[in-house]
Each structure stands twice: as structure tokens, then as C-alpha cells.
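Participant: Here it is: the structure, laid out below.
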Amino acid sequence: MSKRVLVGVVTDARRDKTVKVSVYRMVHHKVYRKIVKKCRVYSVHDEHNRCKRGDVVKIREHIPVSATKRWIVVDG
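Residue numbering for the sequence shown follows full-length UniProt numbering, beginning at 1 and increasing consecutively.
The following block contains the structure:
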């Protein structure tokens with residue numbers, strides 16, 4: 001099984017080994033028939049605390065690291 005890889009922006013990097021990454025995607029609204037931007041925020045494991053707020057990072061699905069973290073930073 002291949003792991004999902006997403007690209008997002010770091011929005012919070014205050015915690016140790018954890019960053020919050022916002023991933024935006026464009027979806028088609030069924031009723032209004034317009035393109036709408038949706039956002040999802042992931043708690044991501046950053047082992048070496050390399051990410052800063054505003055960085056564009058690539059994240060990958062992983063086995064659960066904690067109760068809320070199921071993604072790890074791959075590149076960024």
C-alpha cells in the first residue's frame with residue numbers, strides 16, 4: 001500500500017517535534033457550481049525540529065506516532 005503524500009504550509013511550530021500543517025485543495029461546490037478552496041490542518045511529526053512557520057513542506061502518511069499525529073515531515 002502506498003502512503004499518501006501532501007504538500008502544505010506550516011502554520012504553527014511552537015511545540016517540540018510537532019508542527020501544524022495546513023493543506024489547501026480546490027473543490028467543486030455542487031450547489032453553487034463554483035470552485036471553493038478547502039483547508040485541512042494536520043498535526044505532523046517533525047523529528048529534528050527543522051520546520052519554521054511559513055515553510056512549505058511535504059508530509060507523508062505514517063503509523064500513529066501519538067494520539068493525534070499520523071503524518072511525518074518528508075521534505076521541507
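Note that the Cβ used here is the ideal one computed from N, Cα and C, for glycine as well. Remember, predicted model here, so these are calculated numbers, not experimental data.
Just to check my reading of the structure: residue 44 and residue 72 have Cβ atoms closer than 8 Å, yes? What is that Cβ distance to the nearest angstrom?
Facilitator: To locate residue 44, count along the sequence shown from 1; it is residue 44. To locate residue 72, count along the sequence shown from 1; it is residue 72. Going by Cβ atoms, the distance from residue 44 to residue 72 rounds to 7 Å, so yes, they are a contact pair.
Participant: So the candidates are 59, 26, 29, 55; which of them puts its Cα closest to the Cα of residue 3?
Facilitator: The count along the sequence shown starts at 1 and reaches residue 3 at position 3. Nearest neighbour of residue 3 by Cα position, chosen from 59, 26, 29, 55, turns out to be 59.
Participant: If you scan the segment 8-61 from start to end, which runs of the beta strand (DSSP E) of 3 or more residues do you find wholly inside it?
Facilitator: With a minimum length of 3 residues, the continuous beta strand (DSSP E) runs that stay inside the segment 8-61 are 18-28, 35-45, 56-61.
Participant: Rounded to the nearest angstrom, what separates residue 28 and residue 69 at their Cα positions?
Facilitator: By 1-based counting over the sequence shown, the position of residue 28 is 28. By 1-based counting over the sequence shown, the position of residue 69 is 69. Straight-line Cα distance between these residues: approximately 29 Å.
Participant: Given this structure, state the Cα-to-Cα distance separating residue 37 from residue 23, to the nearest angstrom.
Facilitator: To locate residue 37, count along the sequence shown from 1; it is residue 37. To locate residue 23, count along the sequence shown from 1; it is residue 23. For residue 37 and residue 23, the distance between alpha carbons rounds to 10 Å.
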